[in-house]
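Here this note's numbering is used: position 599 in the sequence shown is 610, and no number is missing along the way. Even glycine gets a Cβ: it sits at the ideal position worked out from N, Cα and C.
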Amino acid sequence: MKWGALTAVLLALALGIWLWWDGSRRRESALPQEDVAGTISAPEAASATGLQGSPVPTSGGVPRAASADAPGQPGDEKRIGLRIRGAGGEDVATAWVRVLRDRGGEPAAPLPGTPMMKLDLPARVQALAQTSWVEVRFPGGPADTSVPLAGGTFGPFPADSPEIDIELPPERSISGHVLDARGRPVAGVSVTAYIEPAQAGAWEREATTTSQEDGTFRLGRLRAGTCHIETWPSGAHAPAPTVTVESGATGVELRLRPGLLAVVTVQDAAGRPVAEALVRVSLGVKRGVGHTTFVAVASGHTDARGEVRLGGLDPSISYQREILPQRTEDVVSRRDAAWTPSSETVLLQRALSIRGVCRYVDGTPFPLADVSVHVDNARVPRLSTTANRDGVWTVNRVPEGPVRLQAHYWRPDGVLTAGPLAARAGDDDVVLVLHEDPLGTVDVTIANWPEDPREAWAWLTAEKDGVTPNAAGPGTRLTTAGTVRFERQRLTPRYTFYAATPDRTRCAYERNLDPRAPRHEIALRPALAIRGRLSTPSGATDQRVYVSGNGVAVGAVVSPAGDFVLGGLPPGNFTVGASAKLEGRLLSASVEAAAGDAIELELR
Numbered sequence: 012m013k014w015g016a017l018t019a020v021l022l023a024l025a026l027g028i029w030l031w032w033d034g035s036r037r038r039e040s041a042l043p044q045e046d047v048a049g050t051i052s053a054p055e056a057a058s059a060t061g062l063q064g065s066p067v068p069t070s071g072g073v074p075r076a077a078s079a080d081a082p083g084q085p086g087d088e089k090r091i092g093l094r095i096r097g098a099g100g101e102d103v104a105t106a107w108v109r110v111l112r113d114r115g116g117e118p119a120a121p122l123p124g125t126p127m128m129k130l131d132l133p134a135r136v137q138a139l140a141q142t143s144w145v146e147v148r149f150p151g152g153p154a155d156t157s158v159p160l161a162g163g164t165f166g167p168f169p170a171d172s173p174e175i176d177i178e179l180p181p182e183r184s185i186s187g188h189v190l191d192a193r194g195r196p197v198a199g200v201s202v203t204a205y206i207e208p209a210q211a212g213a214w215e216r217e218a219t220t221t222s223q224e225d226g227t228f229r230l231g232r233l234r235a236g237t238c239h240i241e242t243w244p245s246g247a248h249a250p251a252p253t254v255t256v257e258s259g260a261t262g263v264e265l266r267l268r269p270g271l272l273a274v275v276t277v278q279d280a281a282g283r284p285v286a287e288a289l290v291r292v293s294l295g296v297k298r299g300v301g302h303t304t305f306v307a308v309a310s311g312h313t314d315a316r317g318e319v320r321l322g323g324l325d326p327s328i329s330y331q332r333e334i335l336p337q338r339t340e341d342v343v344s345r346r347d348a349a350w351t352p353s354s355e356t357v358l359l360q361r362a363l364s365i366r367g368v369c370r371y372v373d374g375t376p377f378p379l380a381d382v383s384v385h386v387d388n389a390r391v392p393r394l395s396t397t398a399n400r401d402g403v404w405t406v407n408r409v410p411e412g413p414v415r416l417q418a419h420y421w422r423p424d425g426v427l428t429a430g431p432l433a434a435r436a437g438d439d440d441v442v443l444v445l446h447e448d449p450l451g452t453v454d455v456t457i458a459n460w461p462e463d464p465r466e467a468w469a470w471l472t473a474e475k476d477g478v479t480p481n482a483a484g485p486g487t488r489l490t491t492a493g494t495v496r497f498e499r500q501r502l503t504p505r506y507t508f509y510a511a512t513p514d515r516t517r518c519a520y521e522r523n524l525d526p527r528a529p530r531h532e533i534a535l536r537p538a539l540a541i542r543g544r545l546s547t548p549s550g551a552t553d554q555r556v557y558v559s560g561n562g563v564a565v566g567a568v569v570s571p572a573g574d575f576v577l578g579g580l581p582p583g584n585f586t587v588g589a590s591a592k593l594e595g596r597l598l599s600a601s602v603e604a605a606a607g608d609a610i611e612l613e614l615r
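Written as structure tokens, this is what we have:
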């Protein structure tokens, strides 16, 4: 018996090791590509950079470092040399590169979603098919190489160029001292330079450093231009006012302001301390005309007494403060858009419950229906629960005041719904009567759809009280003729339809669509875009940028420099969100923007 049991254990262990090895091998041999609107596959990435034929190893759709000199690749006989040198003649070892078309002697803007490729230099790349420009970002080299990190755009290079030899401009730097209010040096202060773009828009982050023990700092590898210097100290100091200088400036003095230590005490409505609540303070920083970035400057969790200490705040300016309870359901979150730092006690609004029952039309209990509570305050998330087998349900953490209740239950032949029903937080006798909601098919044809073999997707989003929420799900694929069929759709609400051409230069968008009509024909219109830059801490991975709201779903590739273009948008206001991973943590931020805007997002 003992030997039999031991043999079984060893066999199970061997089987587990084999399954783990086989799964790892399969994952390495077939890296997944994400189905996010706006991303492009590896072959398209190689084509879009103008470096066709070069290997483009990818991970989750993001190009990894690659050598462009790969024997045995198609088109080797049409390859030319690419060399990038610093101002002193030293060779650059690696760089992110993208080829741009020539437009009247100027580089054309890259197509939406066009990525850059990281190359080991010198390299051999595919010969230019037409007059082109070469965009270079983040050049790297030996430790003593002083090459501007931002690189630049160089050209034009004619189609018959036997090689591409690029000399980068000389490095510029900014140096100076970080001092406290009394003129004493301060070490460990983060100093960042932002440069103004050639055209009006959001500032571009150039370089970041930290002040030394004697307060000195040096920002190197800068481009020529006007720079704005920001400081982000920790501890007792508040940031210095933003200083504007030209790159190459020396003797710059950054004088920190005295910081206030604010002790915030968080209590519930009865005056009892709320422990482990997250208190976060953010500052809106202007970075360009019409561009504001919210930066988290202080945060912490309340202790057992409900207290949290927030240092380095300037009492002369207003911040955004958020209080987010983590462990209790008796209070709701709070956000103050204009908070002047001070030590104070904050009473959180009392959270109530709503109770009720779901019933059939004949009055018998309806089990397992999904119940949702919508609060009039748009900043409060939707609350939901599922009724038990007796149809009884309870929703907690509901803020005081009016709410709207809905219920639905999906089954193969249709969906049953109830509401929206007006109620108030604290009600305990709400009855939701579910009615049959028939399902049907919605057919849409997009007029003048282009002949394009690339995939395109469409979304149909049910409107609620005249408002279109975020588009849900991966979308439905369009045919090459521009037709799409949405099956098993509820026929009672109105819908918003959205689709964009593969190049995201045009879109089809229609609100208040009646699903009972036999067919719908929607015209294409010129699309708008939201352009911007995402700033993330060093070491961050999986950067994502996306648009949501008004039934639109758009994602974008983030370039190594942090640039992104969210194209294919109809006119309107949207929420632009961004996320990244850093040491196992998820960083996120969002901002409201209108189609056509230029924005900047920062994850800290």
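Can you tell which of the options has its C-alpha closest to the C-alpha of residue i?
{"i": "residue 95", "options": "166, 498, 400 and 555", "result": "166"}
{"i": "residue 608", "options": "538, 570 and 547", "result": "538"}
{"i": "residue 291", "options": "398, 350 and 235", "result": "350"}
{"i": "residue 97", "options": "159, 445 and 380", "result": "159"}
{"i": "residue 103", "options": "134, 386, 89 and 127", "result": "134"}
{"i": "residue 544", "options": "536, 519 and 570", "result": "570"}
{"i": "residue 540", "options": "579, 278 and 331", "result": "579"}
{"i": "residue 303", "options": "602, 150, 336 and 398", "result": "602"}
{"i": "residue 536", "options": "503, 564 and 518", "result": "518"}
{"i": "residue 260", "options": "395, 187 and 283", "result": "187"}
{"i": "residue 105", "options": "614, 445, 151 and 225", "result": "151"}
{"i": "residue 297", "options": "101, 110, 548 and 205", "result": "205"}
{"i": "residue 287", "options": "563, 317 and 299", "result": "317"}
{"i": "residue 208", "options": "265, 112 and 239", "result": "239"}
{"i": "residue 241", "options": "216, 224, 223 and 505", "result": "216"}
{"i": "residue 444", "options": "427, 116, 503 and 438", "result": "427"}
{"i": "residue 276", "options": "319, 201, 464 and 190", "result": "319"}
{"i": "residue 440", "options": "253, 475, 403 and 471", "result": "403"}
{"i": "residue 107", "options": "142, 100, 113 and 147", "result": "147"}
{"i": "residue 199", "options": "181, 177, 182 and 224", "result": "224"}
{"i": "residue 561", "options": "344, 596, 600 and 470", "result": "470"}
{"i": "residue 521", "options": "528, 508, 532 and 530", "result": "508"}
{"i": "residue 265", "options": "299, 282, 214 and 196", "result": "196"}
Specify, as a first and last residue, the run of the beta strand (DSSP E) that residue i falls within.
{"i": "residue 407", "result": "403-410"}
{"i": "residue 108", "result": "105-114"}
{"i": "residue 129", "result": "128-131"}
{"i": "residue 264", "result": "263-266"}
{"i": "residue 95", "result": "90-96"}
{"i": "residue 504", "result": "No beta strand (DSSP E) contains residue 504, which DSSP labels as neither H nor E."}
{"i": "residue 444", "result": "441-444"}
{"i": "residue 367", "result": "362-370"}
{"i": "residue 6", "result": "The chain is shown from 12 up to 615; residue 6 falls before or after that span and cannot be answered."}
{"i": "residue 584", "result": "584-593"}
{"i": "residue 322", "result": "318-324"}
{"i": "residue 204", "result": "201-206"}
{"i": "residue 568", "result": "Per DSSP, residue 568 belongs to no beta strand (DSSP E) and is neither H nor E."}
{"i": "residue 457", "result": "450-458"}
{"i": "residue 543", "result": "539-546"}
Assuming residue i contacts residue j (C-beta within less than 8 Å), just tell me the rounded distance between them.
{"i": "residue 369", "j": "residue 429", "result": "7 Å"}
{"i": "residue 258", "j": "residue 233", "result": "4 Å"}
{"i": "residue 418", "j": "residue 381", "result": "6 Å"}
{"i": "residue 280", "j": "residue 358", "result": "6 Å"}
{"i": "residue 140", "j": "residue 91", "result": "About 12 Å; that fails the 8 Å criterion."}
{"i": "residue 593", "j": "residue 548", "result": "6 Å"}
{"i": "residue 231", "j": "residue 184", "result": "4 Å"}
{"i": "residue 143", "j": "residue 114", "result": "With a Cβ gap of about 11 Å, residue 143 and residue 114 do not count as contacting."}
{"i": "residue 331", "j": "residue 295", "result": "7 Å"}
{"i": "residue 505", "j": "residue 525", "result": "7 Å"}
{"i": "residue 598", "j": "residue 614", "result": "4 Å"}
Q: Please determine if the stretch 579-594 and the stretch 547-563 are in contact, where contact requires at least 3 C-beta pairs separated by less than 8 Å.
A: Taking a contact to require three or more Cβ pairs closer than 8 Å, the stretch 579-594 and the stretch 547-563 qualify as touching.
**Q.** Stretch-stretch touch, CB-based, cutoff 8 Å, three pairs: the stretch 271-286 with the stretch 351-364
**A.** Because the criterion of three Cβ pairs below 8 Å is met, the stretch 271-286 and the stretch 351-364 touch.
Q: For the stretch 447-460 and the stretch 494-502, state whether three or more C-beta atom pairs, one from each stretch, are separated by less than 8 Å.
A: Yes, they touch.
Q. Is the stretch 309-320 in contact with the stretch 360-380, if contact means three or more CB pairs nearer than 8 Å?
A. Segments in contact, no.
**Q.** Cβ contact (3+ pairs, closer than 8 Å) linking the stretch 511-521 and the stretch 458-469
**A.** Here the stretch 511-521 lies against the stretch 458-469, with 3 or more beta-carbon pairs under 8 Å apart.
Q | At least 3 beta-carbon pairs within less than 8 Å: the stretch 247-257 vs the stretch 320-329 | A | Yes, they touch.
Q: Kindly confirm or deny that the stretch 357-368 and the stretch 404-413 touch, where touching means at least three C-beta pairs closer than 8 Å.
A: In this structure the stretch 357-368 lies against the stretch 404-413, because at least three pairs of beta carbons, one per stretch, are closer than 8 Å.
**Q.** 3-residue-minimum beta strand (DSSP E) runs that sit fully inside the stretch 238-295, ordered along the chain
**A.** Correct list: 254-257, 263-266 and 271-278.
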